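Chemist: So that we are looking at the same thing, I have put the structure below in structure tokens.
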Amino acid sequence: MSSRVDERPLLELRGVRKTFAPRGRRARRTASAVAAVDGIDLALQAGTTTALVGESGSGKSTLARLIVRLHDADEGTITFDGQEIQALDEKAFRPLRRRVQMVFQNPLTSFDPSQTIGASILETMRLAPDDEPEQERLGRLLSEVGLSPRFAGLRPREMSGGELQRAGIARALSVRPDLVVMDEPTSALDMSIQGQVLELLADLQRRHRLTYLLVTHDLRAVRMMADRVVVMYLGQVVEEGPTEAVFGDPRHPYTRGLLYAYDLSGRDEERDRDVRIRGSLRTPRPGDVGCRLVGRCPLSADRCGEPQALAELAPGHRARCWRAAEGQIAGDRQPHATTDPTDLGELT
Ligand SMILES: Nc1ncnc2c1ncn2[C@@H]1O[C@H](COP(=O)(O)OP(=O)(O)OP(=O)(O)O)[C@@H](O)[C@H]1O
Ligand SMILES: [Mg+2]
Numbered sequence: 047m048s049s050r051v052d053e054r055p056l057l058e059l060r061g062v063r064k065t066f067a068p069r070g071r072r073a074r075r076t077a078s079a080v081a082a083v084d085g086i087d088l089a090l091q092a093g094t095t096t097a098l099v100g101e102s103g104s105g106k107s108t109l110a111r112l113i114v115r116l117h118d119a120d121e122g123t124i125t126f127d128g129q130e131i132q133a134l135d136e137k138a139f140r141p142l143r144r145r146v147q148m149v150f151q152n153p154l155t156s157f158d159p160s161q162t163i164g165a166s167i168l169e170t171m172r173l174a175p176d177d178e179p180e181q182e183r184l185g186r187l188l189s190e191v192g193l194s195p196r197f198a199g200l201r202p203r204e205m206s207g208g209e210l211q212r213a214g215i216a217r218a219l220s221v222r223p224d225l226v227v228m229d230e231p232t233s234a235l236d237m238s239i240q241g242q243v244l245e246l247l248a249d250l251q252r253r254h255r256l257t258y259l260l261v262t263h264d265l266r267a268v269r270m271m272a273d274r275v276v277v278m279y280l281g282q283v284v285e286e287g288p289t290e291a292v293f294g295d296p297r298h299p300y301t302r303g304l305l306y307a308y309d310l311s312g313r314d315e316e317r318d319r320d321v322r323i324r325g326s327l328r329t330p331r332p333g334d335v336g337c338r339l340v341g342r343c344p345l346s347a348d349r350c351g352e353p354q355a356l357a358e359l360a361p362g363h364r365a366r367c368w369r370a371a372e373g374q375i376a377g378d379r380q381p382h383a384t385t386d387p388t389d390l391g392e393l394t
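Quick note on numbering: the sequence shown equals residues 47 to 394 in the working numbering.
Okay, here's the thing in structure tokens:
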């Protein structure tokens, strides 16, 4: 975590949209396209951590993949260190590819099973050559993530999940990135290992002044790591702000429901009626312009059918809800996330 804030964001998204055709032949005939990411604005300051949260299917991974250019956006701009990445051809993008690295959820599938870990890391490391002899550099990288040099000779199946994820982090760091996008980096790991990996990430961030985008369902990790939190719902940002503000004074009914669902200690019937989000994620129907939470939100009203703007409630703290904008949802301290990580996809 870092409090240092630069003027120009390292990464800036404006109006970014990505639509997918429905999956499967039958679905393609009957269903409409899915706007997985539907008009996102986002700014990441260098040296900070931004957490991206929201239930399953809200578009977090799609957004992460757009940033590292595993997908191309249909609309909008993604600007990294002043350069609009979509406008660059493959050759011009190559230097940026080094500077923006991704760590995936499942370290086992992100390594080539037939290669040793050392060979895999070296392959990536060669994208950023320097004067240090390769083997020394490899050993130093492994030790930075807490692995002894002998791991270089092992294959992925010979290592534990935690060790592999450390190796995945070493591989990402091997090219000296500025931005590391992590999609659920700890969710495939044992609970006891998750904390260690998060601590390692925090330590590496301080040492190398890395910028993190952390996609996670683990609100404990968010509290520990993030300077800012961005809450997504059905392809849109519904709330964003400094971590303390979003956790301590959540303004969007969806965020309140998310935090409430996470806290197993402070439940009572009245609270349940006021904040609990019911049902499951639905696909917005064509022509739906209003709040996407209509039908699930305990505070729904006619006005929710109108378009909702992302309104600034306090410096840097925004929510996409007219009730929040009018101050109807305020000063209402939420129960804090004190429990173990739960799957927020199961909000019901
Ligand atoms: N390659 C794809 N082709 C078609 N649809 C896709 C594709 N990738 C994602 N989607 C759809 O886009 C929406 C957002 O998916 P995404 O994986 O980004 O959500 P997510 O927030 O990462 O969910 P989770 O928490 O489960 O990982 C979903 O409706 C999903 O089915
Ligand atoms: Mg995902």
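Cβ atoms here follow ideal geometry from the backbone N, Cα and C, with glycine treated the same way.
Note that the structure is a prediction, hence the values are computed from the model and not measured.
If we count Cβ pairs, one from each stretch, closer than 8 Å, do we get three or more for the segment 337-344 versus the segment 278-286?
Modeler: yes
Chemist: Out of Gln211, Leu173 and Ala174, point me to the one whose CA is closest to Leu188's CA.
Modeler: On the sequence shown, position 142 is the one that residue 188 refers to. That would be Gln211, whose Cα lies nearest to the Cα of Leu188.
Chemist: Rounded C-beta distance between Val149 and Pro231? I'm assuming under 8 Å.
Modeler: Within the sequence shown, residue 149 is the residue found at index 103, counting from 1. Within the sequence shown, residue 231 is the residue found at index 185, counting from 1. Contact holds; Cβ gap of about 5 Å.
Chemist: According to DSSP, simplified to helix, strand and coil, what is Asp318?
Modeler: As a working note, residue 318 is residue 272 in the sequence shown. Three-state DSSP puts Asp318 in a helix.
Chemist: Determine the contact status of Gly208 and Leu184, defining contact as a CB-CB distance below 8 Å.
Modeler: Residue numbering aside, residue 208 sits at position 162 when the sequence shown is read from its first letter. Residue numbering aside, residue 184 sits at position 138 when the sequence shown is read from its first letter. No; because the gap between Cβ atoms is not below 8 Å, this pair is not in contact.
Chemist: Indicate, with yes or no, if ligand 2 has a heavy atom lying under 7 Å from the CB of Ser107.
Modeler: Numbered from 1 along the sequence shown, position 61 holds the residue referred to as residue 107. Ser107 Cβ: within cutoff of ligand 2.
Chemist: Is Asp264 near ligand 2, going by C-beta to nearest heavy atom under 7 Å?
Modeler: Stepping through the sequence shown from its first residue, residue 264 is reached at position 218. Result no, Cβ not under 7 Å from ligand 2.
Chemist: Does the beta-carbon of Ala67 have 16 or more other beta-carbons within 10 angstroms, so that it is buried, or is it exposed?
Modeler: On the sequence shown, residue 67 is found 21 positions in, with the first residue counted as 1. Exposed.
Chemist: When you measure from the CB of Asp320 to every non-hydrogen atom of ligand 2, does any distance come out below 7 Å?
Modeler: Along the sequence shown, one-based indexing puts residue 320 at 274. For ligand 2, not one heavy atom lies less than 7 Å from the Cβ of Asp320.
Chemist: Considering only residues of the segment 183-266, which uninterrupted beta strand (DSSP E) runs meet the minimum length of 3 residues and lie entirely inside it, listed in chain order?
Modeler: Counting only runs of 3 or more, we get 225-229 and 257-261.
Chemist: State yes or no: is the C-beta of Arg342 within less than 8 Å of the C-beta of Gly362?
Modeler: In the sequence shown, the residue the question calls residue 342 occupies position 296. In the sequence shown, the residue the question calls residue 362 occupies position 316. Not a contact, by the Cβ cut-off of 8 Å.
Chemist: Which residues bound the beta strand (DSSP E) around Ile86?
Modeler: Residue mapping note: residue 86 aligns to position 40 of the sequence shown, counting from 1. Note, Ile86: beta strand (DSSP E), Val80 to Leu90.
Chemist: With distances taken from CA atoms, which of Ala97, Arg349, Asp120 and Glu58 is nearest Ala79?
Modeler: Taking the sequence shown and counting its residues from 1, one reaches residue 79 at position 33. For Ala79, the nearest C-alpha among the options comes from Asp120.
Chemist: Is any heavy atom in ligand 2 found nearer than 7 Å to the beta carbon of Asp84?
Modeler: As a first step, residue 84 is located in the sequence shown; it is residue number 38 there, counting from the start. Asp84 has its CB no nearer than 7 Å to any heavy atom of ligand 2.
Chemist: When the Cα atoms are used, what is the spatial distance from Ile124 to Asp84?
Modeler: As a working mapping, residue 124 is identified with position 78 in the sequence shown. As a working mapping, residue 84 is identified with position 38 in the sequence shown. One C-alpha to the other measures close to 14 Å.
Chemist: Quick one: Cα of Trp368 to Cα of Leu142, how far?
Modeler: In the sequence shown, residue 368 corresponds to position 322, counting from 1. In the sequence shown, residue 142 corresponds to position 96, counting from 1. Spanning the two alpha carbons is a distance of roughly 39 Å.
Chemist: Helix, strand or coil: how does DSSP classify Pro288 here?
Modeler: As a first step, residue 288 is located in the sequence shown; it is residue number 242 there, counting from the start. DSSP places Pro288 in strand when its eight states are reduced to three.
Chemist: By the three-class DSSP mapping on this structure, what secondary structure does Leu339 have?
Modeler: Reading the sequence shown from its first residue, position 293 is the one you call residue 339. In the structure shown, Leu339 sits in coil (DSSP, three-state: anything other than H, G, I, E or B).
Chemist: Going by beta-carbon coordinates alone, are Val261 and Asp229 separated by less than 8 Å?
Modeler: On the sequence shown, residue 261 is found 215 positions in, with the first residue counted as 1. On the sequence shown, residue 229 is found 183 positions in, with the first residue counted as 1. Yes, the pair counts as a contact, with Cβ atoms nearer than the cut-off.
Chemist: Rounded to whole angstroms, how far is the Cβ of Arg203 from the Cβ of Ser166, which I believe are closer than 8 Å?
Modeler: Counting from one through the sequence shown, the residue named residue 203 turns up at place 157. Counting from one through the sequence shown, the residue named residue 166 turns up at place 120. Actually they do not touch by this definition, with Cβ atoms about 13 Å apart.
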